[in-house]
Amino acid sequence: MSRASSSQALAKPWRRPSESQVGFSYFVSKEASNYCDDVLSKKGQDLIERNVHIHDFKGFEMLEQFEQRGWVDAFLGYDDAYPEMVQEFLTNVIDIDLSLGSFTTYPHGMCMNFSVNSIHTMLNLPIVDNPQWPLAPSLMPSRCEVLRELTRGVYTVLNLPNQGDLASQYRILNKIMTSVISPSDNISDVNKERVLFLYGLGRGFSVDLAWVLWLEIYNYVKHPPGTVALPHISLLTRFMRSKLVPILKGEKPIKRKSPIDN
Numbered sequence: 001m002s003r004a005s006s007s008q009a010l011a012k013p014w015r016r017p018s019e020s021q022v023g024f025s026y027f028v029s030k031e032a033s034n035y036c037d038d039v040l041s042k043k044g045q046d047l048i049e050r051n052v053h054i055h056d057f058k059g060f061e062m063l064e065q066f067e068q069r070g071w072v073d074a075f076l077g078y079d080d081a082y083p084e085m086v087q088e089f090l091t092n093v094i095d096i097d098l099s100l101g102s103f104t105t106y107p108h109g110m111c112m113n114f115s116v117n118s119i120h121t122m123l124n125l126p127i128v129d130n131p132q133w134p135l136a137p138s139l140m141p142s143r144c145e146v147l148r149e150l151t152r153g154v155y156t157v158l159n160l161p162n163q164g165d166l167a168s169q170y171r172i173l174n175k176i177m178t179s180v181i182s183p184s185d186n187i188s189d190v191n192k193e194r195v196l197f198l199y200g201l202g203r204g205f206s207v208d209l210a211w212v213l214w215l216e217i218y219n220y221v222k223h224p225p226g227t228v229a230l231p232h233i234s235l236l237t238r239f240m241r242s243k244l245v246p247i248l249k250g251e252k253p254i255k256r257k258s259p260i261d262n
């Protein structure tokens with residue numbers, strides 16, 4: 001996907017002359033239009049995010065840690081989502097500043113900045129000045145140590161664990177992670193990135209959650225994987241609606257799922 005510099009950004013995004021103002025109408029360039037047609041339109045549009053009422057998880061040993069992190073209320077507020085609006089949001093990304101965690105985009109022709117600070121504000125997340133996670137490679141524990149922690153010593157030589165292999169607290173944490181932190185409809189297979197992140201959370205390393213969420217969205221824009229569903233579709237809809245992005249005629253929401261349970 002080509003991206004214009006700030007000096008090249010159009011005052012009013014280009015729009016297909018033959019289309020009415022219904023979904024996928026605005027593009028910052030012809031390349032962005034092609035990107036939407038050839039890549040994003042083929043992605044799944046399932047709403048994977050789910051609200052998480054952490055206090056409902058009886059015996060969740062990490063509850064106090066989540067309260068100290070200031071994350072408890074951040075996992076609520078997920079609602080219906082508009083996939084066409086989100087596809088346009090992801091299609092029209094320009095002016096990326098990776099060092100600041102920020103980019104500009106034009107959903108439905110409206111210019112807006114989406115940044116780590118946007119997520120901090122929207123989810124009322126604390127700013128972590130010196131996050132410990134991700135650990136430097138030299139400080140990363142061995143695979144045996146990670147598996148020992150996640151399975152409470154039952155396994156140390158698995159290639160990758162699945163949901164059933166995890167200790168009870170990590171099974172709950174995996175549910176929470178796949179519902180709101182890194183939304184996925186595949187809760188059973190725990191990939192390497194999720195294994196390490198579960199370890200980091202469980203061991204209490206400080207994490208700037210807003211950065212984690214922003215980077216996941218940024219990485220999807222840069223390298224959209226396979227037919228995986230759009231990332232954080234409810235979160236992005238919520239952000240755009242807070243900026244008064246209109247719901248256009250013909251756009252239909254995806255209904256939210258029920259909250260996860262124990």
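Residue numbers (full-length UniProt numbering): 1 to 262. Backbone N, C-alpha and C fix where the C-beta goes; we use that ideal spot for every residue, glycine too.
Contact between the region 85 to 94 and the region 180 to 189 is defined here as three or more beta-carbon pairs at a separation below 8 Å; is this criterion met? no
I'd like to confirm the pairing. Which residues does DSSP put opposite N162 in its beta bridges? D189
By DSSP's criteria, A229 is part of a beta bridge. Which residues make up the other side? The partner list for A229 (beta bridge, DSSP) is empty, contrary to what the question assumes.
Whether N113 touches F75 by CB criterion (8 Å): no
Is A210 closer than 8 Å to I48 when the C-beta atoms are compared? no
If we require 4 or more residues per run, which alpha helix (DSSP H) segments fall completely within the region 24 to 106? Every unbroken stretch of the alpha helix (DSSP H) spanning 4 or more residues and falling wholly within the region 24 to 106 is given here in chain order: 30 to 38, 63 to 69 and 83 to 91.
List the endpoints of the continuous alpha helix (DSSP H) containing N113. Unbroken run through N113 is the beta strand (DSSP E), M112 to S115; no alpha helix (DSSP H).
Expected contact under 8 Å - CB spacing of G202 and M62 to nearest Å: 7 Å
Nearest to L236 (by Cα), restricted to the options D95, S118 and S258: S118
Alpha-carbon to alpha-carbon, A81 and K255: Those two C-alpha atoms are separated by around 7 Å.
Quick check: the Cα distance between L248 and C144, rounded to an integer number of angstroms? 52 Å
Note down the Cα distance separating Y220 from H232, rounded to an integer number of angstroms. 10 Å
Have a look at R65 and W71 and give me their C-alpha separation to the nearest angstrom. Per the sequence presented here, residue 65 reads as Gln, with Arg not at that position. Between Q65 and W71, the C-alpha separation is close to 9 Å.
Is L152 buried or exposed, if buried means 16 or more other CB atoms sit within 10 Å of its CB? A small correction: the amino acid at residue 152 is Arg; Leu does not occupy that position in the sequence shown. Label assigned to R152: exposed.
Examine the Cβ distances between the region 29 to 41 and the region 91 to 105 and report whether three or more of them are shorter than 8 Å. yes
Measuring CB to CB, does D189 end up less than 8 Å from N159? No, the Cβ-Cβ distance between D189 and N159 is not below 8 Å.
Below 8 Å between beta carbons: does that hold for L150 and L139? no
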